[in-house]
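*Asks:* Handing you a structure now.
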Amino acid sequence: MAIAFMEVQLLKAKGLHNSDIIGEMDPYVLIQYKDQEQRSSVAIGQGINPVWNEKFIFKVEYPLSNHQHKIILKIMDQDFYTDEFVGESIIHVGDLLAQGVDDGEAKLQTLKYRVVRANKSYCGEIDVGVTFTLQVEDDYEEREHYLPQISKDIGYRKK
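First residue of the sequence shown: 1, per UniProt numbering; consecutive thereafter.
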């Protein structure tokens, strides 16, 4: 089994469905890979064309028996009482991971992905790039050993 890291670069979205009746929505993205989830910052007042320009790192174990290698991007609108679902996009990364295992690294250039509502109707697009980097297992174990101290020094908390 290979241990690797996948970097997801969340750039921007365009033409999203405005879920707010009055004013501009405040969108953010929940990024899910397997049982890992991370959240972008809230693009306050940016409405239907938000810009995030953020990077997120996910731990990847390859191969997996169920072949469910996908990134789910759920776009949400932050509201005062309850956040609203705007739409989602799914990026299948199985081929990228396979290439990365073979070559040591693989990159999916920034592309536009369709954002769809719960009923699968189109509601905009989102720009995302993905990079996969294979980690030598010995290096990974060493990194895991030192990560708590490094995290403490820079204020990062390991989940």
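For each residue, glycine too, the CB sits at the ideal point set by N, CA and C.
How many angstroms separate the CA atom of residue 6 from the CA atom of residue 18?
*Replies:* Computed Cα separation, rounded: 31 Å.
*Asks:* Comparing C-alpha positions only, which one of 22, 21, 27 sits nearest to residue 10?
*Replies:* Among 22, 21, 27, the Cα nearest to that of residue 10 is on 27.
*Asks:* Please report the distance separating the alpha-carbon of residue 118 from that of residue 36.
*Replies:* So the two alpha carbons sit approximately 22 Å from each other.
*Asks:* Is residue 45 near residue 61, with beta carbons less than 7 Å apart?
*Replies:* No, Cβ-Cβ distance for residue 45 and residue 61 is not below 7 Å.
*Asks:* Going along the chain, which residues of its own chain have a beta-carbon closer than 8 Å to the beta-carbon of residue 110, five neighbours each way excluded?
*Replies:* Excluding residues within five positions, the ones whose Cβ falls inside 8 Å are 9, 11, 127, 128, 129.
*Asks:* Around the C-beta of residue 86, are 16 or more other C-beta atoms found within 10 angstroms, so that it is buried, or is it exposed?
*Replies:* Looking at its Cβ environment, which holds 16 or more other Cβ atoms inside 10 Å, residue 86 is buried.
*Asks:* Taking its Cβ as the centre, do 16 or more other Cβ atoms sit within 10 Å of residue 51, making it buried, or is it exposed?
*Replies:* When all chains shown are included, residue 51 counts as exposed.
*Asks:* If you scan the region 106–138 from start to end, which runs of the alpha helix (DSSP H) of 4 or more residues do you find wholly inside it?
*Replies:* Whole alpha helix (DSSP H) segments, 4+ residues: zero.
*Asks:* DSSP on residue 77, reduced to helix/strand/coil?
*Replies:* Residue state, collapsed to three classes: strand.
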